[in-house]
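J.: Quick one: the structure is below, and I'll ask about it shortly.
Below, the structure written as structure tokens:
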């Protein structure tokens, strides 16, 4: 069978950058938050090497913002996440796990405090706008919950800072990791954050004007010309080397925030009113029985992981590989797996039941060696 | 540019039927409720003619069920929809618009009352499980809200009843339109409903056991062999001839239930506690200013509608075409458009600004002539 194409209709939303990306050429898409997200521009290995040596512009409009604003915004934002939001400063971006009453993950967004009564949850692939909106409606909170038309554009790779400095000025060099600053482009102020879904470093620009976005895209391409810039996208190999999890693939509603390895973002000791925090406190007291881990699978190149691959030890299933890719740099299959805690330590060896047969595998450090070049 | 493929990962979930559909062959997918949904098996016109003359088996697992069960289930179900659920009988399926506090559409599901304290909302493409779950959590309702592992399998086309009768027995012939009955397959009882997303008639079977589902699929294929059965999927041409709207394409959160043409399912006179009903009452009193309509666009074959096409009358925009397809039977472009009310009457003529230039168009009856053969 030839690989099925993706049917392009309004429901899988285009972005202000889609026509530019498509005129460059694109091999594969996925759908993320009801929106197009490229997965391969040339092919996944070519994209990987290019991302590590040059610079890419990524259309990550699908990182939808859920805006919460109004007098009760701070209260609702704190209810939504088990991260401690009490002293969270304007200008910071932070992982902020959103869990249900049982501590199970609804989303693993990055939260940005845009103003005192205004928060953006930059969400992974689930309709947090409905979770937050349902709670706000039921409690009669004085707050607006909606998805503003904001389309993040990422610039990632070793030359990202130079490109962004050319477009926005030298002030970008002072932005620290996971901080943002409002910077001018044309006569418009845009939020520029030192964030992004790669280990190569870079920025994300929160574009809130579609036409301006097109011109910004063009300005970034011109600024990056000397560094061989081209369109790119989150790269399967690169993100697995870095140990970056995808909600829906590697972590799901079946997993708690602690099992998903997000414990350091869960303020379990803090006296905060956050949905699910009691369940996570109980789980921590009782002991977390499984956790996500990076693993290296021996042997030659494996196919893409569509359905979880069982992980076996001592004759029984102790985990599931949920994403895997051949690393042409490390010459191993790099993967993420949910693992029983007693098999999750670095160096632990297991067997993975892959479509190409049983393979030996070893739990790795996260990230893999050399994932980041910084 | 070649048409981009869809990258197949765990996040775009496979179903118990995926391997069978793919071994037959499939041209295109979409992603719907984070799950694979075929859009073309051979090609959209070949699939269309086959659906009208024979019978098809559709993997519509992506029609996820949101189950609400427990002592407060009936109360929450009524809060979630502006349909009057008070006398809703077990055994019926019904459209049940789910709207926010402003009357704007969150989803247009079909609700099934499975038991006195147990409802299934069979949802279109948005995470109703989060909306319903957020409300239930905030109000402390004694209810469980979750997506059970239920994968609907549809059999659609003129010979659907014969095929289903061969598999489940003659009792299926007594099931009325939008009613269901529990019927045996092997030693298991499955809900079989006379529903489906085509005008050709047929059934949907709510499969709640993955392995049984595979055997059911095979039994349906054998039973349909004499009628030239093959895998199919919701067909763009057929659904536009029938006037079947898609949430996310033709109707969105920007539209109220009344603008989406769902007024007959909104019990605005009933004394019920339903979210958004006050807003819809106000809108009805003030007058609905736009509504969805079927329109026929003149001229030869148009491309697929990715972004809304402006509809022009009297020199200004009066609507947007959101889906369009060439009907090889009617030899016109059949479409759905949101229209200003004063241009929405059957026979009204407008101009559509298509990618192939301005075209004359006429508001049609819904459905188009001959859409259903029954």
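Residue numbers (our numbering), protein chains in the order written: chain A, 305 to 678; chain B, 305 to 678. Ideal Cβ positions, reconstructed from N, Cα and C, are used throughout, including at glycine.
1. Ordered along the chain, which non-local residues of its own chain (more than five positions away) have a Cβ less than 7 Å from that of residue 319 (chain A)?
2. Using the C-alpha atoms, what's the distance from residue 328 (chain B) back to residue 671 (chain B)?
3. What do you get for residue 323 (chain A), buried or exposed, if any count of 16 or more other CB atoms within 10 angstroms of its CB means buried?
4. Would you call the CB atoms of residue 653 (chain B) and residue 628 (chain B) closer than 9 Å?
5. Checking 9 Å against the spacing of the C-beta atoms, do residue 489 (chain A) and residue 321 (chain A) come in under that value?
6. On the DSSP letters alone, give me the boundaries of the beta strand (DSSP E) that residue 311 (chain B) sits inside.
7. Please report the distance separating the alpha-carbon of residue 405 (chain B) from that of residue 450 (chain A).
8. What's the gap between the Cα of residue 391 (chain A) and the Cα of residue 584 (chain A)?
9. Less than 9 Å between the C-beta atoms of residue 497 (chain B) and residue 548 (chain B), yes or no?
10. How is the alpha helix (DSSP H) around residue 348 (chain B) delimited, first residue to last?
11. Please return the same chain residues whose Cβ sits closer than 7 Å to the Cβ of residue 613 (chain B), not counting the five positions on each side in sequence.
12. Fully enclosed by the region 581-663 of chain B, which beta strand (DSSP E) runs are 3 residues long or longer?
13. Tell me, please, which residues DSSP counts as bridged to residue 397 (chain A).
14. Looking at C-beta atoms only, is the number of pairs between the region 344-351 of chain A and the region 527-540 of chain A that lie closer than 8 Å three or more?
15. Determine the DSSP secondary structure at residue 371 (chain B), reduced to helix, strand or coil.
16. Please report the distance separating the alpha-carbon of residue 464 (chain B) from that of residue 470 (chain B).
17. List the residues of chain B that residue 308 (chain A) touches, going by C-beta distances under 7 Å, in chain order.
18. Could you give the C-beta distance for residue 427 (chain B) and residue 368 (chain B), rounded to a whole number, given that I count them as a contact under 8 Å?
19. Excluding sequence positions up to five away, which residues of its chain have a Cβ less than 7 Å from the Cβ of residue 481 (chain A)?
20. Just to check my reading of the structure: residue 412 (chain A) and residue 564 (chain A) have Cβ atoms closer than 8 Å, yes? What is that Cβ distance to the nearest angstrom?
21. Is it a yes or a no for the region 412-423 of chain B touching the region 407-425 of chain A, going by three-plus beta-carbon pairs under 8 Å?
22. Counting Cβ pairs closer than 8 Å, one from the region 577-595 of chain A and one from the region 510-519 of chain A, do we hit at least three?
23. Label residue 460 (chain A) either buried or exposed according to how many other C-beta atoms from any shown protein chain fall within 10 Å of its C-beta, with 16 as the threshold for buried.
24. In chain A, what lies closer than 7 Å to residue 430 (chain B) by C-beta?
25. Using a Cβ cut-off of 7 Å, which residues of the region 394-410 of chain B contact any Cβ in chain A, in chain order?
26. Restricting to Cα atoms, I'd like to know which of B:334, B:523 and B:510 is closest to residue 485 (chain B).
27. Specify, as a first and last residue, the run of the beta strand (DSSP E) that residue 506 (chain B) falls within.
28. For chain A, is any of its Cβ atoms less than 9 Å away from the one on residue 342 (chain B)?
29. Go ahead and label residue 578 (chain B) buried or exposed: buried means 16 or more other beta carbons lie within 10 angstroms of its beta carbon, across all protein chains shown.
30. Which ranges does the beta strand (DSSP E) cover as unbroken runs of at least 3 residues, wholly within the region 411-465 of chain A, from first to last along the chain?
31. Are residue 619 (chain B) and residue 663 (chain B) close, meaning C-beta to C-beta below 9 Å?
32. Which residues in the same chain have their Cβ closer than 8 Å to the Cβ of residue 348 (chain A), if we skip the five residues on either side of it in sequence?
33. Hey, which unbroken runs of the beta strand (DSSP E) at 3 residues or more fall wholly within the region 316-349 of chain B?
34. Since residue 610 (chain A) meets chain B, which of its residues come closer than 7 Å, beta carbon to beta carbon?
35. When the Cα of residue 595 (chain A) is compared with those of A:566, A:514, A:374 and A:571, which residue comes out closest?
36. Identify each residue in the region 646-670 of chain B for which the Cβ-Cβ distance to at least one residue of chain A is less than 8 Å, and report them in chain order.
T.: Short version:
1. 339, 340, 363, 365 and 455
2. 32 Å
3. exposed
4. no
5. no
6. No beta strand (DSSP E) contains residue 311 (chain B), which DSSP labels as neither H nor E.
7. 13 Å
8. 21 Å
9. no
10. 348-357
11. 624, 625, 656, 657 and 658
12. 594-601, 613-617, 620-631, 636-644 and 653-658
13. A:416
14. yes
15. strand
16. 10 Å
17. 309, 310, 330, 331, 332 and 333
18. 6 Å
19. 498
20. 7 Å
21. no
22. no
23. buried
24. 431 and 434
25. 404, 405 and 410
26. B:510
27. 506-511
28. yes
29. buried
30. 414-419, 422-426, 448-450 and 455-460
31. no
32. 539, 540, 541 and 629
33. 332-336 and 339-344
34. 312, 313, 314 and 318
35. A:566
36. none
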